[in-house]
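**Q** Residue numbers (numbering that gives the first Met the number 0), protein chains in the order written: chain A, 0 to 85; chain B, 0 to 565.
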Amino acid sequence: MQDPEEKQYLFDKPENVSRLLRGFYLICGILFLLDFVLHRHISIIWEKIPGFYALFGFVACVILVLVAKEMRKFLMRKEDYYDVDE
Amino acid sequence: MWMSELPPFVPFFIAALLVLFTRGLVRNAILLLTPVLGGLHLWMNVPEGTLMSVSLLDYELILMRTDRLSLLFGYLFHIAAFIASVFALHVRDNMQNVSGLVYAGSALGAVFAGDLITLFIFWELLAISSVFLIWASRTNRAIHAGIRYLLFQVASGVLLLAGALVHYYQTGSLAFDFIGLEGIAGWLIFIAFGIKCAFPFLHNWLTDAYPEATPTGAVFLSAFTTKVAIYALARGFPGTELLVYIGAVMTCFPIFYAVIENDLRRVLAYSMINQVGFMVCGVGIGTALAMNGAVAHAFNDVIFKGLLFMTMGAVLYRTGKINGSDLGGLYKSMPKTAMLCIVGASSISAFPLFSGFVSKSMVMTAMIEEGYDYLWLMLLFASAGVFHHAGIKIPYFAFFAHDSGIRTQEAPRNMLIAMSIAAILCIFIGSQPQYLYSLLPWEVDYWPYDTTHVLAQLQLLFFSALAFVWLNKQGLYPPELHSINIDVEWLYRKLLPAIGRYAYRSASQLRDSLSGAIRITLQGTQGVFQRSQLPEHYLGGSWPTGYMVMWTAVILGGYLLLDYIL
Numbered sequence: 000m001q002d003p004e005e006k007q008y009l010f011d012k013p014e015n016v017s018r019l020l021r022g023f024y025l026i027c028g029i030l031f032l033l034d035f036v037l038h039r040h041i042s043i044i045w046e047k048i049p050g051f052y053a054l055f056g057f058v059a060c061v062i063l064v065l066v067a068k069e070m071r072k073f074l075m076r077k078e079d080y081y082d083v084d085e
Numbered sequence: 000m001w002m003s004e005l006p007p008f009v010p011f012f013i014a015a016l017l018v019l020f021t022r023g024l025v026r027n028a029i030l031l032l033t034p035v036l037g038g039l040h041l042w043m044n045v046p047e048g049t050l051m052s053v054s055l056l057d058y059e060l061i062l063m064r065t066d067r068l069s070l071l072f073g074y075l076f077h078i079a080a081f082i083a084s085v086f087a088l089h090v091r092d093n094m095q096n097v098s099g100l101v102y103a104g105s106a107l108g109a110v111f112a113g114d115l116i117t118l119f120i121f122w123e124l125l126a127i128s129s130v131f132l133i134w135a136s137r138t139n140r141a142i143h144a145g146i147r148y149l150l151f152q153v154a155s156g157v158l159l160l161a162g163a164l165v166h167y168y169q170t171g172s173l174a175f176d177f178i179g180l181e182g183i184a185g186w187l188i189f190i191a192f193g194i195k196c197a198f199p200f201l202h203n204w205l206t207d208a209y210p211e212a213t214p215t216g217a218v219f220l221s222a223f224t225t226k227v228a229i230y231a232l233a234r235g236f237p238g239t240e241l242l243v244y245i246g247a248v249m250t251c252f253p254i255f256y257a258v259i260e261n262d263l264r265r266v267l268a269y270s271m272i273n274q275v276g277f278m279v280c281g282v283g284i285g286t287a288l289a290m291n292g293a294v295a296h297a298f299n300d301v302i303f304k305g306l307l308f309m310t311m312g313a314v315l316y317r318t319g320k321i322n323g324s325d326l327g328g329l330y331k332s333m334p335k336t337a338m339l340c341i342v343g344a345s346s347i348s349a350f351p352l353f354s355g356f357v358s359k360s361m362v363m364t365a366m367i368e369e370g371y372d373y374l375w376l377m378l379l380f381a382s383a384g385v386f387h388h389a390g391i392k393i394p395y396f397a398f399f400a401h402d403s404g405i406r407t408q409e410a411p412r413n414m415l416i417a418m419s420i421a422a423i424l425c426i427f428i429g430s431q432p433q434y435l436y437s438l439l440p441w442e443v444d445y446w447p448y449d450t451t452h453v454l455a456q457l458q459l460l461f462f463s464a465l466a467f468v469w470l471n472k473q474g475l476y477p478p479e480l481h482s483i484n485i486d487v488e489w490l491y492r493k494l495l496p497a498i499g500r501y502a503y504r505s506a507s508q509l510r511d512s513l514s515g516a517i518r519i520t521l522q523g524t525q526g527v528f529q530r531s532q533l534p535e536h537y538l539g540g541s542w543p544t545g546y547m548v549m550w551t552a553v554i555l556g557g558y559l560l561l562d563y564i565l
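Shown next as structure tokens:
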């Protein structure tokens, strides 16, 4: 289906993707370091952990995805599962 | 224009009737002007404290009762109806146009209802009118999903009516104010609201039916039913602690499903339960800040979830596909839709300067203030998860990811306009929240933009995204697969029918073996009789039944005669 003559789009070039990712990593790094520069108002005990939100966000999402992946093992069925009676 | 006591649902119902008999430009004008004029009227002419009732037999139906809470939802539903109407303007199918208007009108009727019977009437109208938006897909799957949807919604209505009657019996009043979980009436009404609110285990109608609706129908559906339920909870059960726990569960469990779900509109349906969970938590906490957060989040959710449903509707409309496994690379042919989808995704993920941020943070702050530390962690987990499954997954798998090779056109102009209005509102509310805050029902001094909040939220979101990038690069991210995942619906779509079939089979087996046994016994008896000498005698022959009937009649007649003579 893809036309070889077709115009090159933004993310067709791998270097654009890696440029985007590099910028993204940079922002992540800056945000993490800002935690030590800016004064954060602490209202709950966990917030005292340096970089709490960054760590929490990363770990939470990895756990979320890995658990969901495990859930597939017993939840996943074929698309016509409900359409056929056994 | 018209008098201030005119209940807001009336113009919608009249418009629905007119749409039945019109077409073309006139019909389009009716579809667009009804929410605009109705909304302007509500905004300018209807003050707080308006009351309008009609007498039906001996009973007073309060069709309109305005206060800051009902007015806010009133404005919201007019905006939602307008955006959805613009989005659906190309639809020639009058079944959808009419049911969309009746549905929006019923939602308005429900939020302005001053008593439980009026609420019940509109509660049921919501169910009946909205199911046509599902059936309008006209597929076998949609028809069955619609029937299941209707069963849940009608059950909710029946519970509400039962609760209302018990409530009347106990208190002598049918006013729709604070109800609380005292006694059976409170519980019945609570569960009725809970079904429409998609409480855990009662949620499956939503993820079952919404993805089967038409591309435009899903936009209407996403706006009204659950938000009416949130309104009802906010009025009937504010500060009910149980709601905090229910809400926390609602925020967490759907995100696991959303990660592995293939149908992108079903992903949005799961994420809707997750967002409603935040609102339920807010209502459960019940402080002024939390309540404001709950209704503000309902307000924002209608717009950003509507926007996301619109972008996915546009994709479905243009490509005929909605599964993540079939899509990808659509930014090449639908760049505007892709941008608008990213705005919606940023809003639902609560990025600073987008609308989700200014309302969700109120609920989160209230949660800390009231000391729900661990539940707050659950909500924080859910916040990160929202970004993961709705914020990244939806735009990524539809518009980027691997190129599916699909080349299509940009969404039609009316869809682009509708999506743009929603996107502008998302950014406007997110960056200028004071206007929304000034409409909120309770007096609270709150401002979301300080270093702590913004930094914390940005860290949370960016590192969630980092997790996505890392998992993808490691090949750990679950691929989109042609599949479905079993949920609570398995109980009534598989287990219950299986039990039914088993019971039927067992019963027919039992019948067969019983009748066999009886037949054999009879045949045996007959054999014994035949072999004996009895059949040779006159009385032992086989007599027709008619003889017995005749002789019985003769005997009875004889008795009658004797009785008469003696």
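By construction, the Cβ of each residue, glycine as well, lies at the ideal position given by its N, Cα and C atoms.
1. Less than 7 Å between CB atoms is the rule here; does residue 64 of chain A satisfy it with respect to chain B?
2. Assign residue 1 of chain A to buried or exposed, taking buried as 16 or more other Cβ atoms, counted over all protein chains shown, within 10 Å of its Cβ.
3. How is the alpha helix (DSSP H) around residue 69 of chain A delimited, first residue to last?
4. Determine the chain B residues that contact residue 21 of chain A at a beta-carbon separation under 7 Å, and present them in chain order.
5. Please classify residue 211 of chain B: is it buried, with 16 or more other beta-carbons within 10 angstroms of its beta-carbon, or exposed?
6. Can you pull out the residues from the stretch 15–49 of chain A whose beta carbon lies closer than 9 Å to at least one beta carbon of chain B?
7. Determine contact between the stretch 351–362 of chain B and the stretch 272–285 of chain B, defined as no fewer than three beta-carbon pairs at a distance below 8 Å.
8. Closest Cβ-Cβ distance between residue 472 of chain B and chain A: below 7 Å?
9. Grouping DSSP H, G and I as helix and E and B as strand, with all else coil, what is residue 333 of chain B?
10. Report yes if the C-beta distance between residue 282 of chain B and residue 233 of chain B is below 7 Å; otherwise report no.
11. Check residue 4 of chain B in the structure and name its three-state DSSP category.
12. Compare the C-beta of residue 138 of chain B with all C-beta atoms of chain A and state if any pair is closer than 7 Å.
13. With 7 Å as the threshold, decide whether the Cβ of residue 517 of chain B is near any Cβ in chain A.
14. In chain order, what residues of the stretch 225–238 of chain B put their CB closer than 9 Å to some CB of chain A?
15. So, residue 161 of chain B versus residue 192 of chain B, is the Cβ gap smaller than 7 Å?
16. With a cut-off of 7 Å, does the C-beta of residue 580 of chain B fall near any C-beta of chain A?
17. List the residues of chain A that residue 568 of chain B touches, going by C-beta distances under 8 Å, in chain order.
18. Given a cut-off of 7 Å, decide if residue 128 of chain B and residue 105 of chain B are closer than it, judged by their beta-carbon atoms.
19. If residue 174 of chain B sits next to residue 113 of chain B, beta carbons under 8 Å apart, how far is it from one beta carbon to the other, in whole angstroms?
20. My output table needs one value for residue 1 of chain A: the three-state DSSP class, helix, strand or coil.
21. Which of helix, strand or coil does DSSP assign to residue 461 of chain B?
22. Contact criterion: CB-CB distance below 7 Å. Does residue 61 of chain A meet it with respect to chain B?
23. Counting contacts by CB-CB distance shorter than 7 Å, is residue 91 of chain A in contact with chain B?
24. Against residue 68 of chain A, what residues of chain B qualify as contacts under a CB-to-CB distance less than 9 Å, listed in chain order?
25. Nearest to residue 74 of chain B by CA position, among B/498, B/454 and B/297, is which residue?
26. If I measure Cβ to Cβ from residue 94 of chain B and keep anything under 6 Å in the same chain, skipping five residues before and after, which residues do I get?
27. Taking 7 Å as the threshold (C-beta atoms), are residue 214 of chain B and residue 88 of chain B in contact?
28. Rounded to whole angstroms, what's the CA-CA distance from residue 494 of chain B to residue 64 of chain A? Just pull it up for me.
29. Assuming residue 59 of chain B is part of the alpha helix (DSSP H), what are its boundary residues?
30. Report, in whole angstroms, the separation of the C-beta atoms of residue 418 of chain B and residue 309 of chain B, which I expect to be a contact under 8 Å.
31. Count the other CB atoms, across all protein chains shown, that sit within 10 Å of the CB of residue 501 of chain B; report buried if there are 16 or more and exposed otherwise.
32. Beta-carbon separation of residue 421 of chain B and residue 78 of chain B under 7 Å?
33. Flag this pair as yes or no: are the beta carbons of residue 403 of chain B and residue 326 of chain B separated by less than 7 Å?
34. Going by beta-carbon coordinates alone, are residue 56 of chain A and residue 459 of chain B separated by less than 7 Å?
35. Taking residue 267 of chain B and residue 338 of chain B to be in contact with their CB atoms under 8 Å, please state how far apart those CB atoms are, rounded to whole angstroms.
36. With 7 Å as the threshold, decide whether the Cβ of residue 217 of chain B is near any Cβ in chain A.
**A** With the structure as the only source:
1. Locating residue 64 of chain A in the first sequence gives position 65, counting from the first residue. True, the Cβ-Cβ gap to chain B drops below 7 Å.
2. Locating residue 1 of chain A in the first sequence gives position 2, where the first residue counts as 1. For residue 1 of chain A, the predicted structure reports a pLDDT of 48, less than 50, and the residue's modelled location is therefore unreliable. The matter cannot be settled from this model.
3. Position 70 of the first sequence, counting from 1, holds the residue named residue 69 of chain A. From DSSP, the alpha helix (DSSP H) with residue 69 of chain A extends over 51–74.
4. Counting from 1 along the first sequence, the entry for residue 21 of chain A is found at position 22. Those within 7 Å of residue 21 of chain A in chain B number zero; the least Cβ separation is about 11 Å.
5. As a first step, residue 211 of chain B is located in the second sequence; it is residue number 212 there, counting from the start. By the neighbour-count criterion, in which a residue is buried when 16 or more other Cβ atoms sit within 10 angstroms of its Cβ, residue 211 of chain B is buried.
6. Answer set for the stretch 15–49 of chain A: 20, 23, 24, 26, 27, 30, 31, 33, 34, 37, 38, 39, 40, 41, 42, 43, 44, 45 and 46.
7. Output reads yes: the stretch 272–285 of chain B touches the stretch 351–362 of chain B.
8. Position 473 of the second sequence holds residue 472 of chain B. Not an interface residue.
9. Here residue 333 of chain B corresponds to residue number 334 of the second sequence, with the count starting at 1. Here residue 333 of chain B sits in coil by DSSP.
10. Here residue 282 of chain B refers to the residue found at position 283 when the second sequence is read from its first residue. Here residue 233 of chain B refers to the residue found at position 234 when the second sequence is read from its first residue. The answer is yes: Cβ separation under 7 Å.
11. For the purposes of this step, residue 4 of chain B is identified with residue 5 of the second sequence, where counting begins at 1. In the structure shown, residue 4 of chain B sits in coil (DSSP, three-state: anything other than H, G, I, E or B).
12. In the second sequence, counting from the first residue as 1, residue 138 of chain B sits at position 139. Using beta-carbon distances, residue 138 of chain B does not count as an interface residue toward chain A, since no partner is under 7 Å.
13. On the second sequence, position 518 is the one that residue 517 of chain B refers to. Taking Cβ atoms only, chain A never reaches closer than 7 Å to residue 517 of chain B, which makes this a no.
14. Across the stretch 225–238 of chain B, no CB contact with chain A closer than 9 Å is found for any residue.
15. Indexing the second sequence from 1 puts residue 161 of chain B at position 162. Indexing the second sequence from 1 puts residue 192 of chain B at position 193. Not closer than 7 Å, so no.
16. Examination of residue 580 of chain B is not possible in this model, given that chain B is present from 0 through 565 alone.
17. Outside the displayed range of chain B (0 to 565) lies residue 568 of chain B, so it cannot be described from this structure.
18. For the purposes of this step, residue 105 of chain B is taken as residue 106 along the second sequence, with counting starting at 1. For the purposes of this step, residue 128 of chain B is taken as residue 129 along the second sequence, with counting starting at 1. It is a contact, given that the beta carbons lie within the stated cut-off.
19. Numbered from its first residue, the second sequence carries residue 174 of chain B at position 175. Numbered from its first residue, the second sequence carries residue 113 of chain B at position 114. Contact between residue 174 of chain B and residue 113 of chain B holds, with the beta-carbon distance rounding to 7 Å and staying under 8 Å.
20. Taking the first residue of the first sequence as position 1, residue 1 of chain A is located at position 2. Residue placement at residue 1 of chain A is flagged as unreliable, the pLDDT there being 48, under the threshold of 50; the coordinate-derived value follows with that caveat. Reduced to three states, the DSSP call for residue 1 of chain A is coil.
21. Locating residue 461 of chain B in the second sequence gives position 462, counting from the first residue. If DSSP states are grouped into helix, strand and coil, residue 461 of chain B belongs with the helices.
22. Residue 61 of chain A sits at position 62 when you count from the first residue of the first sequence. With a threshold of 7 Å between beta carbons, residue 61 of chain A makes contact with chain B.
23. The structure shown has nothing for residue 91 of chain A, since chain A only spans 0 to 85.
24. In the first sequence, counting from the first residue as 1, residue 68 of chain A sits at position 69. Those are 258, 259, 475, 476 and 477, listed as they occur along chain B.
25. Locating residue 74 of chain B in the second sequence gives position 75, counting from the first residue. Checking every option, the nearest Cα to that of residue 74 of chain B belongs to B/297.
26. Position 95 of the second sequence, counting from 1, holds the residue named residue 94 of chain B. 131 and 135.
27. Here residue 88 of chain B is taken as the residue at index 89 of the second sequence, counted from 1. Here residue 214 of chain B is taken as the residue at index 215 of the second sequence, counted from 1. It is not a contact, given that the beta carbons lie outside the stated cut-off.
28. For the purposes of this step, residue 494 of chain B is taken as the residue at position 495 of the second sequence. For the purposes of this step, residue 64 of chain A is taken as the residue at position 65 of the first sequence. So the two alpha carbons sit approximately 28 Å from each other.
29. Against the second sequence, residue 59 of chain B aligns to sequence position 60. Where residue 59 of chain B is concerned, there is no enclosing alpha helix (DSSP H), although the beta strand (DSSP E) it sits in stretches over 58–64.
30. On the second sequence, residue 418 of chain B is found 419 positions in, with the first residue counted as 1. On the second sequence, residue 309 of chain B is found 310 positions in, with the first residue counted as 1. In this structure residue 418 of chain B touches residue 309 of chain B by the C-beta definition: roughly 5 Å separates them, less than 8 Å.
31. For the purposes of this step, residue 501 of chain B is taken as residue 502 along the second sequence, with counting starting at 1. Exposed: under 16 other Cβ atoms inside 10 Å.
32. Here the question's residue 421 of chain B lines up with position 422 in the second sequence. Here the question's residue 78 of chain B lines up with position 79 in the second sequence. The answer is no: Cβ separation not under 7 Å.
33. Within the second sequence, the letter at position 404 stands for residue 403 of chain B. Within the second sequence, the letter at position 327 stands for residue 326 of chain B. Their beta carbons are under 7 Å apart, which means residue 403 of chain B touches residue 326 of chain B by this criterion.
34. Counting from one through the first sequence, the residue named residue 56 of chain A turns up at place 57. Counting from one through the second sequence, the residue named residue 459 of chain B turns up at place 460. Annotated as proximal: residue 56 of chain A and residue 459 of chain B, with beta-carbon spacing under 7 Å.
35. Translated into the one-based positions of the second sequence, residue 267 of chain B becomes position 268. Translated into the one-based positions of the second sequence, residue 338 of chain B becomes position 339. That belief does not hold up - the Cβ atoms of residue 267 of chain B and residue 338 of chain B are roughly 18 Å apart, past 8 Å.
36. Looking up residue 217 of chain B in the second sequence gives position 218. By this cut-off, residue 217 of chain B is not an interface position.
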